[in-house]
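Residue numbers (the working numbering), protein chains in the order written: chain A, 58 to 1165; chain B, 359 to 755. Beta carbons: idealized from backbone N, C-alpha and C, even for Gly. From a predicted model like this one, the values you see are computed outputs, not experimental measurements. Here is the structure we will look at, set down as structure tokens.
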Amino acid sequence: MKRSDLRKILIIGSGPIVIGQGCEFDYSGVQAVKALKSLGYEVVLVNSNPATVMTDPDRADRTYIEPLTVDYLHEVIRRERPDAILPTLGGQTALNLAMELEKRGVLKRYRVELIGAKAEAIERAEDRNLFKEAMRDIGLDMPRSGSAHSLAEAEAIAKTIGSWPLIVRPGFTLGGTGGGIAHNAEEFARIVTGGLEASLNHEVLVEESLIGWKEYEMEVMRDKAGNAVIVCSIENMDPMGVHTGDSITVAPILTLTDREYQAMRDDSIKVLEKIGIETGGSNVQWAVNPENGRRIIIEMNPRVSRSSALASKATGFPIAKIAALLAVGFTLDEITNDITGKTLACFEPSLDYIVVKIPRFAFEKFHGASTTLGTQMKSVGEVMAIGRTFKQAYLKAVRSLEAPLKYHHAETYDPWFKRELEEIEAFRKWLGQFRLATKNAENAKTSSDSPHPEPLCELCDLCGNKGDEEMSSLIRQAKVFGFSDKEIAEAIGSDEITVRTKRQELGIRPEFGEVDTCAGEFEAVTPYYYSYYSLAAENAENAKTECPLRSLRTLRQKHKIMILGGGPNRIGQGIEFDWCCCHAAFSLRKRGYEVVMVNSNPETVSTDYDTSDKLYFEPLTFEDVMEIYDREKCDGVIVQYGGQTPLNLAAKLEKAGAKIVGTSPNDIALAEDRDFFRELVAEVGMKQPASGIAHSIEDARRIAKEIGYPVLVRPSFVLGGRGMAIVYRESELDSYVSEAVAASEGKPILIDKFLEHAIELDVDAVSDGETTMIGAILEHIEAAGCHSGDAAAITPPVNLSDKTIAEVKRYTEIFAKRLHVVGLMNLQLAVKDGEIWMIEVNPRASRTVPFVSKATGIPLADLGALAMVGEKLPLPPRIEPPSALASLGGYVPRSHPSSDRLRGSLRSGDTLPIPRSPNYYCVKEAVFPYVKFPGAKITLSPEMKSTGEVMAIDPDRFGAYYKSQIACGSPLPKSGNVFLSVRDEDKPRVAELAAKLKELGFGIYATLGTSTYLWGHGIESKAAFRISRGRPNAIDLMRKGEIQWVVNTSESDGEASGDSVQLRSAAVATGVPVTTTLAGFAAAVAGLAEDCAESSVYSLQEYHTGNR
Amino acid sequence: MNYSEKWKVERERKAYLALADGTVFHGVAFGAKKDALGEVVFNTGMCGYQEILTDPSYAGQFVTLTPAEVGNYGINAEDIESRKLFLSGLVIGDLTAPSNWRSEKSLDDYLKENGVPGIYGVDTRALTLHLRDHGNQKAFLYVGERGMGNGEREAVAKAREWEGLDGQDYAAKVTCEKGYEFKTGLTGLTRLSGDMSTDPKNPVNLVNPVKRIVCYDFGVKTNILRSLASWAKVTVVPAKTPAEEVLKMKPDGVFLSNGPADPAAVTYAIENIKKLLGPLPIMGICLGHQLLSLACGAKTGRLKFGHHGCNHPVKNLATGHVEITSQNHNFAVLPETVPDCLEVTHINLNDNSIEGVRHKTLPAFSVQYHPESCPGPHDSKYLFDEFRKMVLAVQNV
């Protein structure tokens, strides 16, 4: 039963997207907020990540976008006085914070109860020794191991275990940060040292290696009455030794007999009981020796985890929602299974399909980092695919990846999977012989005695004599195997469209299965589908009773819009786009449209079964999307919200008869057409950096000389800033061109004039084709040249004159009209010496849309979606169902500062003014995964490298910046020593800032050159050697704890550059904040000077309504 | 491996399962090359195909397994649930080769050795939905044993002509010929399965069991015997053994096993149970549960498509605890016919059907589901311990 003694519940989010903690916790948070609010609880939410659906102001009652630190949470608790905290839905971050709040006595002081998991239970699950003891108590086998707080202790443990390799795992970290596998004493010392530093409690576990063992997971739900169910069992295709986040995983478990499975089930439940998880979901991980079945417990997570998100999507069982309900007193047999609508949540889902998850990596972004998979997670996203066989699911997942993956992932895996993959390879090859056979068949007709080896004879027969029927069987078989039209085309030397046409002519179309939690035993009411091909298609005709037909009947009167999601998260295309897709779904559904969502990313809110009317968990490829479009008879498809993935499909979909709603694919393409765009910019009368295309090194040198250094160079064939660089002199250009040309097989290189020291702007706007409305202008804190996804930015802008702002607004309108933008649009501009330069226009959703919406309260993505289906701007800032609008006589103003501003101009029928929030500033700051890639070059460049972002709001602009640094995990020190190593051109400005730091009581260390310069300007500083020149150098100082902040702006070629890489890596490794741009340094110093550390917290709702 | 041959066979899909309602599902033959008649049922358990194959309760049935891949962990000697295979045939989606340290042979070879036909490549989801909507069906499985003159039409006709399971005494077909002592307990398996029958806080004497239980074999599963043998000497007797003979053996309790087909057809057993009820403590499982209920005056009827799976939530009405249970039955005790002498102890949370009864005055209880699991969760193994307590209590009176 629902607990009535609780009134207000605080939910802690997981903060920015980092490796090991992705957007799956937005998905779980959204479910929990929804569940708790529907029960009448008041929900307070804290999260620093603006690109989350959970932080939308209409989700929780009070939403705090504040840094996820104990201090800020303390502030929120003091203000809100919640009765309880639910810490199990925000990943390890939330769990760690809850523990910290408990330890500091905050919970006791404000009488806040931890629900979902008690502190003792969390402690028992997370503390290696307590866990080990508990597991021994219930008779479970454990790897031989010990925990150490120093290298010496660790070495002693290694000696007792007595064999290499050894696994080193730090306690209390995210996604195994700092862990590793040591094969010898030297490696061991290095990994242990790193692990001790990464661990919050300065502890590492050293254990016997289980490398090569099979790895399994069970997702368990337990209620306070002691009822427990296994929601999902997962088998890792990669063996032990590869982080489960980096493994290809399969659900359900395939290689255990019932006896072994049930024994694992019994023990998994026992683990929860022993640890003391009274309510909620936990993930229990097991290793099994493939030789003899010896089973060892690896770990358990006393919270909703990455695997739970996957398990929810794989089974249809909403783990996070149920966990929230259990936490407030319900038992499993009191909760209905949403999928069937009549059975209960107290059951174990039965799968009649196979689910495969494949991680997506981004090694290409981190030059110099090791690409070997190990115990430290490195993937940045994942895809999930569902099929009726393993092969179907696996091949679907491979094509969902949008990145090359060899059919073989790791070196060793289970023989079962190995065999499956070999069959896939063999079938591919065999299919490939088809073309050869066709040719030979033609030859055979002319010369009957030409020899054909098996199996070609049979194939000759097949295509030569039998015609369509055999052809049909062959294509069907290839489809059942799991190959896409495109892969079949590649194998037989044809093209995708030909194969598709032939296939459809032969009547070979996919079946659609439902994720129904019960293997068909009960009728499902939630439409959640996957496609499959079946060998025996005729069955489908006379036996099909699937749900789609029913839904088609009941919902046909509605207009049906398909939304294409973004596929796997990757650097440059992440949760922000999923946020846009979700908002399109929300707003269109509110207006009575039927929404069909297609996506392959299990971490997302868009793939929650109740975000859309119908969910298709399918690869975002032309073939898969078009089959759904045809089947659903959609009225239109939105391609501009899911990032580059759906945009790449737009033209093909349109050609095949799909109606693209919003800006036409042609106009989107035009914006990227260099020549057209250059002309357009000139016509409008705007400036654009000079540019040229180089086909050879001579070309490049000539063009660069003509337009003048520095120049921005990039290969012509990549998007998203891959391979972009700024070069300052010819020597750099030469080395870039020689590398880039080698990589791009002679494709040309684009060279643009780089505007040095310009202010870069991002403008997000929405247009209906006539009226254009600006969401916000974002001013980058870093100077132009840093990828806009990596740059810190502030809104409203602080360094722009009213005249410039008016100009920006005018240009935005012009480009919206000229590119016939219907939907969202993003402009990237640079301002230098009062002049506005055009960098690029993207007529689609941009990464900053959610941030802008959080900052201003304007629901840009919602407005864009409605504009795309033909509604006219201006629209109200809050989307209501049409009935409500009608009854109120159209748009009704609300007490909303931005809406007041909107209304003023809405009435005038003109473009909306730029919302300038008078009483607060919002800063967005990027979060980088360098800590996972030791050795990678740490530098902000035109190539995007951040995995996520945080937002900070404060009445003061410097305060907002200061807060953003805390939020992104590298808080600036309030005292201590700063190490300065800067470029010559930065020195004058650095001297001013250094003087200010001195006044604030900081000590200054600098490289010899910088130090000399500072002394020359009367600033006392201690000199340290350059890393390459001698010792003690900055790294030695950092190790000794002498340095609290590193400012390093040198990044040109040569010796200094090598030093920078080492310096920054060392800083990241030791947790010392690094500032790599002059602008960032200046903002930070200003923040410190204003003593912003004293800032207080307000909810987003208060900011938006002006009630702060 | 000669892939082209394999794929050619698969492409042709010469085997088919013809249902009495005229629907035909095509696939590829495996296992024994023997055409067969039977009733088609589906089982939604995600693993445990070996236990399902060897469960005598499936006599006369084609089992459709809903999991996507079958065969993946092979076949081993430990997980066999009876002395031979009684089912009519196996229907699956995809057949794969084994990967498990205990695997001794492939599923294909095992079916061949035991003379049971199989068909794979069937869209088992479509078949399952068909059975869900239209009920279990009589069917003919054609795997090419001999020619079919009129092909599919002839197969459908054969399915229609078959007498089916209703009113058939299949227990008599699967029961042992002679009584025997069951020897092995669970001890040999504890490494893998956890100790299924004993509570560590309440150990029982495994070495010298003092109790004797007579088990009526209507198609008993080995794990039931193992579970009982962990605290008792178990004598297995044929289904038709008269009650008098059992009483002469002076056992401490009687166990009524699971078994196939229609309980109402096993009239001799019902009569025997009536005689044993009272003098001896009785526990029944599945068919045994239905027979006990019939002996007490309840009636049984056919469910539309039965309960076959490992994920059915059953609520213990006494404790409120929910057990995830293993189920396999087409017939059930009709709720409105439960006599006053019986108390319903367990219900199925999916459809509220009766899952367990207890006699209000006499020492007897039974459950419709399978506390011995194999396959399925071990949540209900406590019932064997309850039986032990019942046996002890009766003796102490």
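message: By alpha-carbon positions, which one of A:Val653, A:Trp270, A:Asp315 ends up nearest to Asp295 of chain A?
response: A:Trp270
What is the DSSP secondary structure of Thr250 of chain A, counted as helix, strand or coil? The answer is helix: DSSP assigns Thr250 of chain A an H, G or I state.
### Task
Note the first and the last residue of the continuous beta strand (DSSP E) segment covering Phe1036 of chain A.
1034-1038
Closest residue to Leu586 of chain B among B:Lys608, B:Phe613, B:Gly577, B:Pro600 (Cα-Cα distance) = B:Phe613
I'd like the span of the alpha helix (DSSP H) that includes His488 of chain B, first residue to last.
482-492
- Which of helix, strand or coil DSSP assigns to Ile74 of chain A: coil
> Looking only at its own chain, which residues have a Cβ that is under 7 Å from the Cβ of Pro456 of chain B, when we skip the five neighbours before and after it?
Replying inline: Gly429, Asn430, Tyr431, Gly432, Ser464
Within the stretch 426-468 of chain A, ranges of the beta strand (DSSP E) (whole runs, at least 3 residues): 438-444
Three-way DSSP call (helix, strand, coil) for Val898 of chain A in this model:
strand
Practice prompt. May I ask you to list the residues that DSSP assigns as paired with Ser339 of chain A?
Written response: A:Val277
Within the same chain, show all residues whose beta-carbon is closer than 8 Å to that of Glu265 of chain A, passing over the 5 residues directly before and after it, in chain order. Pro200, Arg201, Ser202, Ile218, Ser220, Leu223, Ile224
- Compile a chain-ordered list of the residues in the stretch 316-345 of chain A whose CB is closer than 8 Å to at least one CB of chain D. Of the protein chains in this structure, namely A and B, none is chain D.
- prompt: With a cut-off of 8 Å, does the C-beta of Glu368 of chain B fall near any C-beta of chain A?
  reply: yes
Report task. Since I believe Ser657 of chain A is in contact with Gly624 of chain A (beta carbons under 8 Å), could you give me their beta-carbon distance rounded to a whole number of angstroms? Result -> 5 Å
Practice task
List the endpoints of the continuous alpha helix (DSSP H) containing Ala911 of chain A.
Solution key: Here residue 911 of chain A turns out to be Lys, not Ala, going by the sequence shown. 906-913 is the extent of the alpha helix (DSSP H) around Lys911 of chain A.
message = Please confirm whether Gly406 of chain B has its beta-carbon closer than 8 Å to some beta-carbon of chain A.
response = yes
Does any C-beta atom of chain A lie closer than 8 Å to the C-beta of His679 of chain B? yes
I want to verify the contact list: residues of chain B whose CB lies under 8 Å from the CB of Phe674 of chain A, in sequence order. By Cβ distance, chain B contributes nothing, its closest Cβ being about 15 Å from Phe674 of chain A, past 8 Å.
**OP:** Name the two residues that bound the continuous beta strand (DSSP E) containing Leu884 of chain A.
**Re:** Run containing Leu884 of chain A: 879-889, per the beta strand (DSSP E) assignment.
Identify, in the order they occur along the chain, each residue of the same chain with its Cβ nearer than 6 Å to the Cβ of Gly961 of chain A, setting aside the five sequence neighbours on each side. For Gly961 of chain A, the pLDDT reaches just 29, beneath the cut-off of 50, and the residue's location in the model is therefore unreliable, although a value from the coordinates is still provided. Correct list: empty, nothing qualifies.
Exercise. Does the beta carbon of Leu790 of chain A come closer than 8 Å to any beta carbon on chain B?
Worked result: no
Quiz item: Buried or exposed: Phe733 of chain A, going by 16 or more other Cβ atoms within 10 Å of its Cβ?
Solution: exposed
Inset, instruction - Name the one or two DSSP bridge partners that Trp1102 of chain A has. - result: A:Val1035
Task: Whole-angstrom C-beta distance between Asn1034 of chain A and Gly1060 of chain A, which should lie under 8 Å - done: 4 Å
Q. Listed in chain order, which residues of the stretch 444-455 of chain A have Cβ atoms closer than 7 Å to some Cβ of chain B?
A. Per Cβ criterion, the list reads Arg445, Thr446, Phe447.
With Ile310 of chain A and Val263 of chain A assumed to form a contact (beta carbons below 8 Å), what rounded beta-carbon distance in angstroms separates them? Wrong, their Cβ atoms sit about 29 Å apart, outside the cutoff.
Practice task
Quick one: which residues of the stretch 426-445 of chain B get their C-beta closer than 8 Å to a C-beta of chain A? List them in chain order.
Solution key: Ala426, Glu427, Asn430, Tyr431, Asn434, Glu436, Asp437
* To do: Check Phe374 of chain A in the structure and name its three-state DSSP category.
  => coil
>> Quick check: is the beta carbon of Asn349 of chain A nearer than 8 Å to any beta carbon in chain B?
In response: yes
**Study point:** Anticipated Cβ contact below 8 Å, Asp575 of chain B with Ala601 of chain B, distance rounded
**Key:** The pair is not a contact, with the Cβ atoms about 15 Å apart (cut-off 8 Å).
Next item on the list: List the residues of chain B that Tyr410 of chain A touches, going by C-beta distances under 7 Å, in chain order.
Entry: Ala426
query: Would you say Tyr361 of chain B faces chain A, with C-beta separation under 8 Å as the test?
result: yes
Other residues of its chain near Asp390 of chain A: CB distance less than 6 Å, five sequence neighbours each side excluded = Leu401, Cys403
Reference Thr542 of chain B; option with closest CA among B:Lys516, B:Tyr500, B:Val594
B:Val594
- [ ] Determine the closest residue to Tyr8 of chain A out of A:Ala849, A:Glu892, A:Leu1037, with distance taken between C-alpha atoms.
- [x] In the structure displayed, chain A extends from 58 to 1165; residue 8 of chain A sits before or after that span and is not available.
**Message:** Here's the rule: buried if 16 or more other CB atoms are within 10 angstroms of the residue's CB, otherwise exposed. What is Gly655 of chain B?
**Reply:** exposed
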